[in-house]
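All remarks here apply to the structure that follows.
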Amino acid sequence: MNTSELYLACRNGDIDTVKRLLPSLTLHDINRMEPNGSTALHAASYYGHYDIVKLLLETGAVRSIINKYDMTPADEAATSEIKLLFRRRPEEAQARFISTGHNVEWQKSAAGRAVKIAAHNLAYCNPFENMTTAYKSIVQAIELRDSKDMNQIKYFLDKACETNDASYLLRAYTAETDFYRRLNIRSAQLNARRGHPDPNLYLKEWSLAYNAQLIKDPTFQRFHWTGKTYRGMIITEFELQLYNRVGNGIVNHAFLSTSKDREVALSFASSPSPGEISVICVYTITQDWSALDIEKISEYPEEREVLIVPNMHFRITKFTKGNPIEVELQEENMQEAMNEMGYLGFTDALTKDY
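Structural data, given as structure tokens:
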């Protein structure tokens, strides 16, 4: 295999050639591992070509590819200015790690009804049959047809099919595209339904199958995580009432992006508008399958992200006034909730080979 023209242009700082080549290249071409064990993005970053790095990232070049030196393009950045290009823009990061207002994430657990619905959703959801099915289901999803940067998501899905590695589905979630936003909206809509949904829904709903894949596929056991993790909220005084009562139970309908680094969450929750309040939520995760440590495969590893899966039940254990206000939430045992409804096989599913 010969060194590509794109790689040489990126190494040599030839931005005119890069601009000429990019429109005719696929993301597979752009992300190609060259004979020397690095990508074009690694080269541009290492040799200090700021404008080329910026252009490649805007085109959708993958940030998380490891070269033969076990380094990402960001690791090899020649300058601090180039390194900053690899970070998520502040407004995008805030939207990912901060809850603002009354959104789709939460439902108050009244009389255990929400917990029973969540337990049912966890118990009876099923992963995709295989990675080809995952590709077709996601690409053909009505909710994603006009989504921004779908070519990036297709790249990760292609890699999942090529390698039969479901972790590429998780990598897709870390990218800054419409995929994770629309996945969460759809998940919340379906998970919030009252009563037992049609079992056939789990066979045709891409968002529910995606949720199940991350929970039940043993591929993701290496990402399982327990401990304390943090997420910010910017909410009104009225909305704060849901969180200021110790003992309240809360169920999340969508994925929650949190950080192992308290300072990451604090930095995004530090600028509320007039009439709004900054809150830091501290989650204690005790069921390892309910949270995934995705730092090492994330497109943005500096965020130290832990992803909490939908349909988890948390109990508010402490409310501390201050600036910001701090709310501590302890995870409840959802396996027990599923056992109570007669479903005993969930944890066994983690040993199955999907």
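Numbered according to UniProt numbering, the sequence shown terminates at residue 354, and the numbering increases by one at each position without gaps.
Where a beta carbon is used, it is the ideal one built from N, C-alpha and C, also for glycine.
Note that the structure is predicted; figures quoted are calculated from it, not measured.
Sheet register partners of residue i (DSSP bridge)
i, result
"residue 331", "314"
"residue 231", "281"
"residue 236", "276"
"residue 319", "327"
"residue 138", "Answer is none; residue 138 lacks a bridge partner."
"residue 133", "Looking at the DSSP assignment, residue 133 forms no beta bridge with any residue, so it has no partner."
"residue 306", "258 and 293"
"residue 224", "292"
7 Å Cβ cutoff met for residue i and residue j
i, j, result
"residue 259", "residue 222", "no"
"residue 144", "residue 186", "no"
"residue 166", "residue 241", "no"
"residue 46", "residue 76", "yes"
"residue 314", "residue 250", "yes"
"residue 337", "residue 119", "yes"
"residue 83", "residue 74", "yes"
"residue 37", "residue 67", "yes"
"residue 209", "residue 156", "no"
"residue 334", "residue 252", "no"
Spatially closest choice to residue i from the options, by CA coordinates
i, options, result
"residue 117", "325, 320, 310 and 329", "310"
"residue 332", "300, 38 and 285", "285"
"residue 288", "308, 282, 277 and 271", "308"
"residue 244", "271, 172 and 329", "329"
"residue 176", "1, 232, 148 and 190", "148"
"residue 280", "15, 291, 265 and 274", "265"
"residue 341", "90, 84 and 122", "122"
"residue 80", "48, 90 and 70", "48"
"residue 317", "334, 248 and 296", "248"
"residue 132", "112, 154 and 114", "154"
"residue 355", "231, 314 and 224", "Here the chain comprises residues numbered 1 to 354, so residue 355 is not present and cannot be evaluated."
"residue 65", "42, 85, 56 and 53", "42"
"residue 89", "324, 320 and 268", "268"
"residue 359", "178, 152, 115 and 158", "Residue 359 lies beyond the range of the chain shown here (1 to 354); nothing can be said about it."
"residue 226", "142, 3, 306 and 14", "306"
"residue 263", "21, 302 and 136", "302"
"residue 238", "276, 72 and 125", "276"
"residue 87", "274, 256 and 174", "174"
"residue 159", "271, 168 and 152", "168"
"residue 152", "172, 85 and 162", "172"
Is the segment 27 to 39 in contact with the segment 54 to 63, if contact means three or more CB pairs nearer than 8 Å?
Judged by Cβ distances under 8 Å, the segment 27 to 39 makes contact with the segment 54 to 63, as three or more pairs qualify.
Ignoring anything shorter than 4 residues or poking outside the UniProt repeat "ANK" (36 to 68), list the alpha helix (DSSP H) runs there in chain order.
Counting only runs of 4 or more, we get 40 to 46 and 50 to 59.
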